[in-house]
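Colleague: Each residue of the sequence shown is one higher than the one before, counting from 1 in full-length UniProt numbering.
Note that CB positions come from ideal geometry on N, CA and C, so glycine has one too.
Take a look at the following structure, please.
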Amino acid sequence: MMNPDGVYLGNYRSTLMGFDLNRTWHQISRWAHPTLHAVHTMLTELDQIKDVELDFVLDLHAHSSLLGVFVYGNTYDDVYRYERHIVFPKLLSQNAEDYAASNTMYNRDLNKAGTTRRYFCNTLKKSVNCYTLEVSFHGYQSPNTTDMCYYTEEA
């Protein structure tokens with residue numbers, strides 16, 4: 001968890017100081033966003049190590065209105081890069097009953113420039129795939145029935 005102070009106060013998006021950490025990656029301040037700075041430093045250092053091949057950056061989020069598990073990914077002009085980028089969501093859809101392909105979206109919207117996936121897709125090597133993985137606060141609709149399956153500690 002990158003926002004324990006904010007979450008403790010009931011703010012799942014903003015920090016104790018009021019910063020939305022999921023829109024700040026493109027303007028990180030070591031003082032104002034120490035967790036972002038630490039993760040940025042770690043990922044850029046890992047990306048430069050010759051013997052380390054970083055495959056994914058997954059930014060995990062809980063979604064308040066959509067159901068199931070789904071991915072926000074990036075679009076690229078390079079067709080080969082885009083084809084590689086959509087492999088993980090396809091594998092996820094084949095192996096996770098709660099995966100909601102209809103909620104999955106690929107874009108490069110300018111208003112998402114400060115998000116993890118948009119920032120790091122332009123910062124790290126082109127071989128690194130950056131995604132936002134969203135999981136519903138509630139649950140998912142069973143693919144075999146119309147039943148709602150709620151995410152609980154027991155599930």
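From this set, Glu83, His26, Ala32, Gly68, which residue's C-alpha is nearest Thr15's C-alpha?
Modeller: Minimum Cα distance to Thr15 is reached at Ala32.
Colleague: State buried or exposed for residue 161, treating a residue as buried only when at least 16 other CB atoms are found within 10 Å of its CB.
Modeller: This structure leaves residue 161 out entirely; the chain is present only between 1 and 155.
Colleague: Suppose the cutoff is 6 Å on Cβ atoms and the five residues either side in sequence are ignored; what does the same chain contact list for Gly68 look like?
Modeller: Contacts found: Asp98, Ala100, Ser136, Tyr140.
Colleague: When DSSP labels each residue in this structure, what does Phe137 get in the three-state scheme?
Modeller: The answer is coil: DSSP assigns Phe137 none of H, G, I, E or B.
Colleague: Excluding the five sequence neighbours on either side, which residues of its own chain have a C-beta within less than 6 Å of the C-beta of Ala113, listed in chain order?
Modeller: So the list reads His26, once near-sequence residues are dropped.
Colleague: Confirm, please, whether the CB-CB distance from Asn103 to Leu60 is below 7 Å.
Modeller: In this structure, Asn103 does not lie closer than 7 Å to Leu60 by Cβ.
Colleague: Specify the secondary structure class of Ser3 as computed by DSSP and reduced to three states.
Modeller: Note that residue 3 is Asn in the sequence shown, not Ser. Note: Asn3 maps to coil in three-state DSSP.
Colleague: Quick one: what's Asn74 bridged to in DSSP?
Modeller: Answer by DSSP bridge pairing, in chain order: Asn107.
Colleague: Taking a contact to mean a Cβ-Cβ separation below 7 Å, would you say His63 touches Gly73 in this structure?
Modeller: In this structure, Gly73 does not lie closer than 7 Å to His63 by Cβ.
Colleague: Can you check which of these residues, Leu110, Leu124, Thr41, is closest to Arg23 by C-alpha distance?
Modeller: Comparing Cα positions, the closest option is Leu110.
Colleague: Specify, as a first and last residue, the run of the beta strand (DSSP E) that Leu92 falls within.
Modeller: Where Leu92 is concerned, there is no enclosing beta strand (DSSP E), although the alpha helix (DSSP H) it sits in stretches over 87 to 95.
Colleague: Given a threshold of 16 other Cβ atoms within 10 Å of its Cβ, counted over all protein chains shown, does Glu45 qualify as buried or as exposed?
Modeller: Burial call: exposed.
Colleague: How close, in whole Å, do the beta carbons of Leu36 and Asp47 come, if the pair is a contact with beta carbons under 8 Å?
Modeller: In fact, because the Cβ distance is near 16 Å, the residues do not count as touching under 8 Å.
Colleague: Have a look at Ala96, Ala38, Ser93, Val128 and flag the residue whose alpha-carbon is nearest the alpha-carbon of Tyr82.
Modeller: For Tyr82, the nearest C-alpha among the options comes from Val128.
Colleague: What's the C-alpha gap between Leu92 and Leu58?
Modeller: If I take the Cα positions, the gap works out to 13 Å.
Colleague: What distance in whole Å lies between the Cβ atoms of Asp20 and Arg30, which are believed to be in contact at a cut-off of 8 Å?
Modeller: No, Arg30 and Asp20 are not in contact; Cβ-Cβ is about 18 Å, not under 8 Å.
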